[in-house]
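In order, the protein sequence lines correspond to chains A, B, C and D.
According to my numbering, the first sequence holds residues 678 to 826 in order.
According to my numbering, the second sequence holds residues 678 to 826 in order.
According to my numbering, the third sequence holds residues 62 to 172 in order.
According to my numbering, the fourth sequence holds residues 62 to 172 in order.
Remarks on the structure that follows.
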Amino acid sequence: MSDARMGDLTGHLELSAPASVESIDLTHTLLEHLWQQNPQVDPACRLRVETAAIEVMANIVEHAFKHDGSLAETRGSRRLTTTLGVHADGVVVGFCDDGRPAEIDLSTVTMPDETAESGRGLAMALAAVDELVYDRRDGRNYWSLLCAI
Amino acid sequence: MSDARMGDLTGHLELSAPASVESIDLTHTLLEHLWQQNPQVDPACRLRVETAAIEVMANIVEHAFKHDGSLAETRGSRRLTTTLGVHADGVVVGFCDDGRPAEIDLSTVTMPDETAESGRGLAMALAAVDELVYDRRDGRNYWSLLCAI
Amino acid sequence: MIEFDVRTLESGVGAVTPRGRLNMVAARQLKDILTTLSSDGVHQIVVDLAETTFVDSSGLGALIGGVKSTRQMGGDLRIVRPTEPVLAVLQITNLDKILRPRDSVELAFHE
Amino acid sequence: MIEFDVRTLESGVGAVTPRGRLNMVAARQLKDILTTLSSDGVHQIVVDLAETTFVDSSGLGALIGGVKSTRQMGGDLRIVRPTEPVLAVLQITNLDKILRPRDSVELAFHE
Ligand SMILES: Nc1ncnc2c1ncn2[C@@H]1O[C@H](COP(=O)(O)OP(=O)(O)O)[C@@H](O)[C@H]1O
Ligand SMILES: Nc1ncnc2c1ncn2[C@@H]1O[C@H](COP(=O)(O)OP(=O)(O)O)[C@@H](O)[C@H]1O
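This is the structure:
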């Protein structure tokens with residue numbers, strides 16, 4: 678994340694991987710590693726971060742490269758960078774991808790009714806963490822979330 | 678790895694993490710993810726890559742930052758980048774760190790006798806893979822290994 | 062990573078146990094399992110969440126999809142023994158009514 | 062990640078089972094376990110490698126250290142049931158003599 682907020686993070690992790698569903702598990706594993714290194718983060722906060730991070734990442738993987746042609750053609754060229762760290766105030770996770778802009782207004786997101794089979798992801802992410810920001814800069818998408826501790 | 682060899686790797690993984698023993702397990706997990714994504718890499722080759730990669734990384738973590746002051750002082754500022762990928766000819770793993778130069782001549786490394794409790798790492802790495810290269814450039818250490826498939 | 066255990070109880074109820082994280086990759090697999098059960102004529106399904114360490118919106122979507130398709134055939138999909146993180150997610154998404162947790166695989170359809 | 066199971070057999074032999082990867086982090090833990098056993102007067106030690114999925118030079122170093130320190134006290138450290146990757150590593154390092162694999166925890170000291 679080229680976000681100033683990551684600057685004072687010691688011991689952060691940064692992973693660049695294909696923007697594929699298979700990479701989602703890797704992010705989850707990195708989060709579990711982060712919890713091991715930061716036992717001060719309590720279980721409730723861990724779950725909140727995991728929920729928001731996995732939802733945001735799933736959205737990027739699903740939507741950010743939608744009109745890019747077949748997976749086979751672009752395999753490996755669709756990349757996603759995940760940055761994770763803990764600082765004094767909270768847990769921070771950032772995602773950066775070079776897919777299409779997310780046409781989305783986070784302020785209008787609501788939880789769908791109980792029979793919906795999709796459309797719940799961003800509402801869950803927003804409900805889970807204290808801050809969720811989407812930003813488009815220099816042809817890239819930046820998502821960042823903060824869970825205060 | 679700012680190595681041309683990584684250029685044509687599709688689906689490679691790149692992790693930047695603290696240069697700590699705890700990060701070694703992360704590299705191992707990334708390798709296991711790589712095997713899942715590349716079932717064509719046979720078990721023998723997997724083990725060879727794991728052996729060499731873990732030995733090289735352990736050496737960096739143990740030796741490259743030795744005279745840098747206490748761990749507490751430098752915590753988080755000692756970083757290590759690991760790049761892993763599979764291309765048509767083989768599995769490639771690269772490490773980059775900004776520690777002190779490795780005063781080591783790989784051509785003189787031999788396997789110690791059976792009662793030695795240390796000094797076996799680089800010999801194992803060399804025995805395991807087809808290519809192991811150490812390079813110092815621009816104030817950084819670059820290690821890269823190749824296991825042909 | 063996830064593994065699924067699928068079996069049929071003596072009562073004819075299908076029992077699915079996801080072990081691990083029920084995320085997007087796993088949700089696709091769960092959907093396939095539920096579709097196969099349905100085409101085998103199994104419309105009473107218990108999903109045992111005792112070893113499901115995490116669920117995301119796609120996992121929830123697969124479960125809701127199962128509730129809807131089984132009910133259309135006069136059956137149901139019921140969950141049992143959710144772990145703490147899974148229960149917390151059911152609560153923030155208001156799904157703890159349509160997916161009301163039961164106590165045991167055997168009794169899920171005898172309450 | 063690694064977990065260690067440590068127990069003492071009726072014969073007085075100490076049995077250590079590392080579950081997972083015996084890498085640098087794990088080797089430090091194994092060394093501590095072997096030191097504790099030694100200070101408890103246990104100098105016959107079996108390390109069951111049936112669930113050890115990987116071993117590196119530091120793991121080997123900890124095992125060799127254990128062989129040397131137990132032998133100094135008239136005992137020994139013996140390994141049993143290495144997995145295929147562990148056996149392969151013992152062979153390329155020429156350690157399959159000083160660490161000759163035995164068949165079972167119970168019989169390691171009765172061969
Ligand atoms: N990263 C993204 N890029 C583009 N569009 C997105 C992105 N994330 C979400 N969206 C849009 O927002 C909608 C709602 O997303 P979400 O709440 O996660 O539900 P779902 O992904 O299940 O449809 C999506 O259907 C999609 O149209
Ligand atoms: N990355 C490195 N930086 C500096 N010195 C190194 C590095 N890797 C290895 N060395 C030197 O090479 C020696 C042999 O390394 P190795 O074969 O791995 O055995 P061990 O680490 O068990 O001593 C080390 O003791 C160290 O002096």
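Positions of the beta carbon are idealized from the N, C-alpha and C atoms, including for glycine.
Just so it is clear, the structure is predicted and the values come from calculations on it, not from any experiment.
Just verifying my parser: in three-state terms, what is the DSSP assignment at Leu-686(A)? The residue you call residue 686(A) lines up with position 9 of the first sequence. It is coil, neither helix nor strand.
Less than 6 Å separating the Cβ of Thr-740(A) from some heavy atom of ligand 1? One-based indexing of the first sequence puts residue 740(A) at position 63. Before going further, note that residue 740(A) is His rather than Thr in the sequence given. At least one heavy atom of ligand 1 is nearer than 6 Å to the Cβ of His-740(A), so yes.
Checking contacts by CB at 7 Å: is Ile-701(A) closer than that to chain C? Taking the first residue of the first sequence as 1, we reach residue 701(A) at position 24. Yes, Ile-701(A) counts as interfacial toward chain C.
Hey, is Val-147(C)'s beta-carbon within less than 7 Å of any beta-carbon in chain A? Residue mapping note: residue 147(C) aligns to position 86 of the third sequence, counting from 1. No, Val-147(C) lies away from the interface with chain A (no Cβ there is under 7 Å from its Cβ).
Which stretch, first to last residue, makes up the alpha helix (DSSP H) that contains Ser-99(D)? Within the fourth sequence, numbered from 1, the residue matching residue 99(D) stands at position 38. Ser-99(D) -> alpha helix (DSSP H) spans 85–100.
Can we say the segment 106–125 of chain D touches the segment 162–169 of chain C, given the rule of at least three CB pairs closer than 8 Å? no
If Val-726(A) sits next to Val-698(A), beta carbons under 8 Å apart, how far is it from one beta carbon to the other, in whole angstroms? Working through the first sequence from its first residue, we reach residue 726(A) at position 49. Working through the first sequence from its first residue, we reach residue 698(A) at position 21. Between Val-698(A) and Val-726(A) the Cβ distance is about 20 Å, and since that is not below 8 Å, they are no contact.
Between the segment 73–85 of chain C and chain A, which residues of the former have CB atoms less than 8 Å from a CB of the latter, in chain order? Arg-82, Asn-84 and Met-85
Measuring only the C-alpha atoms, how far is Asp-719(A) from Gly-136(D)? Numbered from 1 along the first sequence, position 42 holds the residue referred to as residue 719(A). Numbered from 1 along the fourth sequence, position 75 holds the residue referred to as residue 136(D). Near 46 Å, if we compare the C-alpha coordinates of Gly-136(D) and Asp-719(A).
Could you tell me whether any non-hydrogen atom of ligand 1 is closer than 6 Å to the CB of Ala-779(A)? Numbered from 1 along the first sequence, position 102 holds the residue referred to as residue 779(A). The answer is yes for Ala-779(A).
Counting only C-beta atoms, is Ser-784(B) closer than 7 Å to chain A at any point? Stepping through the second sequence from its first residue, residue 784(B) is reached at position 107. Output row for Ser-784(B): interface = no.
Interface residues of chain D facing Leu-809(B) [CB-CB closer than 8 Å]: Position 132 of the second sequence, counted from the first residue, corresponds to residue 809(B). Per Cβ cutoff of 8 Å: no residues; Leu-809(B) is ~14 Å from chain D at best.
Using a Cβ cut-off of 8 Å, which residues of the segment 149–160 of chain D contact any Cβ in chain B, in chain order? Ala-149, Val-150, Ile-153, Thr-154, Asn-155, Leu-156, Lys-158 and Ile-159
Do you know offhand how far Gly-816(A)'s Cα is from Asp-775(A)'s? Counted from its first residue, the first sequence places residue 816(A) at position 139. Counted from its first residue, the first sequence places residue 775(A) at position 98. Taking the straight line joining both Cα atoms gives about 7 Å.
Do Gly-120(C) and ligand 1 come close, with the Cβ less than 6 Å from some heavy atom? As a position in the third sequence, residue 120(C) is number 59, starting the count at 1. No, since every heavy atom of ligand 1 falls outside the 6 Å radius drawn around the Cβ of Gly-120(C).
Leaving out five residues before and five after His-689(A) in sequence, what residues of the same chain have Cβ atoms less than 7 Å from its Cβ? Position 12 of the first sequence, counting from 1, holds the residue named residue 689(A). So the list reads Met-683, Thr-760, Leu-761 and Gly-762, once near-sequence residues are dropped.
Relative to the C-alpha of Ala-825(A), which residue among Leu-724(A), Asp-790(A) and Ile-731(A) is closest? The residue you call residue 825(A) lines up with position 148 of the first sequence. Of the candidates Leu-724(A), Asp-790(A) and Ile-731(A), the one whose C-alpha sits nearest the C-alpha of Ala-825(A) is Leu-724(A).
Verify the CB distance criterion: does Ile-731(B) have a CB-CB separation below 7 Å to chain D? Position 54 of the second sequence holds residue 731(B). It does: the Cβ of Ile-731(B) has a partner Cβ on chain D nearer than 7 Å.
Burial state of Val-810(B) (16 or more Cβ within 10 Å): Sequence index remark: in the second sequence, residue 810(B) carries index 133 (1-based). The residue is exposed, with fewer than 16 neighbouring Cβ atoms inside 10 Å.
Give a single yes or no on whether Leu-799(A) has its beta carbon closer than 6 Å to a heavy atom of ligand 1. As a first step, residue 799(A) must be located in the first sequence, where it is residue number 122. Leu-799(A) Cβ: within cutoff of ligand 1.
Give a yes or no on whether the C-beta atoms belonging to Arg-756(B) and Ser-693(B) are separated by under 7 Å. Sequence index remark: in the second sequence, residue 756(B) carries index 79 (1-based). Sequence index remark: in the second sequence, residue 693(B) carries index 16 (1-based). Their beta carbons are under 7 Å apart, which means Arg-756(B) touches Ser-693(B) by this criterion.
Any idea if Arg-161(D) is buried or exposed, counting beta-carbon neighbours within 10 angstroms, 16 or more meaning buried? Locating residue 161(D) in the fourth sequence gives position 100, where the first residue counts as 1. Exposed.
Could you give the first and the last residue of the continuous alpha helix (DSSP H) run that contains Arg-132(D)? Taking the first residue of the fourth sequence as position 1, residue 132(D) is located at position 71. Arg-132(D) -> alpha helix (DSSP H) spans 118–133.
Residue range of the unbroken alpha helix (DSSP H) whose run includes Glu-699(B): Taking the first residue of the second sequence as 1, we reach residue 699(B) at position 22. First-last of the alpha helix (DSSP H) with Glu-699(B): 699–714.
Does the beta carbon of Pro-695(B) sit closer than 7 Å to a beta carbon anywhere in chain A? Indexing the second sequence from 1 puts residue 695(B) at position 18. Closer than 7 Å to some Cβ of chain A, the Cβ of Pro-695(B) qualifies, so yes.
Looking only at C-alpha atoms, which of Gly-771(B), Trp-820(B) and Gly-767(B) sits nearest to Asp-782(B)? Indexing the second sequence from 1 puts residue 782(B) at position 105. Cα-wise, what sits closest to Asp-782(B) is Trp-820(B).
For Lys-92(D), collect the residues of the same chain with a Cβ closer than 6 Å to its Cβ; drop the 5 residues on either side in sequence, then sort them by chain order. Within the fourth sequence, numbered from 1, the residue matching residue 92(D) stands at position 31. Contacts found: Ala-123.
What's the C-alpha gap between Gln-717(B) and Gly-767(B)? Taking the first residue of the second sequence as position 1, residue 717(B) is located at position 40. Taking the first residue of the second sequence as position 1, residue 767(B) is located at position 90. Between Gln-717(B) and Gly-767(B), the C-alpha separation is close to 10 Å.
Thinking Leu-70(D) and Val-116(D) are a contact (beta carbons under 8 Å), I'd like their distance in whole angstroms, please. Taking the fourth sequence and counting its residues from 1, the one referred to as residue 70(D) is at position 9. Taking the fourth sequence and counting its residues from 1, the one referred to as residue 116(D) is at position 55. With a Cβ gap of about 23 Å, Leu-70(D) and Val-116(D) do not count as contacting.
Which chain A residues sit within Cβ distance under 8 Å of Asp-117(C)? On the third sequence, residue 117(C) is found 56 positions in, with the first residue counted as 1. The contacting residues are Thr-728, Ile-731, Glu-732, Ala-735, Gly-798 and Met-801.
Who are the near neighbours of Ala-149(C) in its chain, counting only those whose CB is closer than 6 Å to its CB and skipping five residues on each side? One-based indexing of the third sequence puts residue 149(C) at position 88. Result list for Ala-149(C): empty, nothing under 6 Å.
Does DSSP put Ser-784(B) in a helix, a strand or coil? Counting from one through the second sequence, the residue named residue 784(B) turns up at place 107. In the structure shown, Ser-784(B) sits in a helix (DSSP, three-state: H, G or I).
Shorter than 7 Å from the beta carbon of Gly-102(D) to some beta carbon of chain B? Locating residue 102(D) in the fourth sequence gives position 41, counting from the first residue. By this cut-off, Gly-102(D) is not an interface position.
Say whether chain B places a C-beta atom closer than 7 Å to the C-beta of Glu-691(A). As a first step, residue 691(A) is located in the first sequence; it is residue number 14 there, counting from the start. Chain B contact via Cβ: present.
Whole-angstrom C-beta distance between Asp-702(B) and Val-77(D), which should lie under 8 Å: By 1-based counting over the fourth sequence, the position of residue 77(D) is 16. By 1-based counting over the second sequence, the position of residue 702(B) is 25. Actually they are not in contact, since the Cβ atoms of Val-77(D) and Asp-702(B) sit about 20 Å apart, beyond 8 Å.
Would you identify the three-state DSSP class for Gln-647(B), choosing helix, strand or coil? It is not possible to answer for residue 647(B), since the shown part of chain B is limited to 678 through 826.
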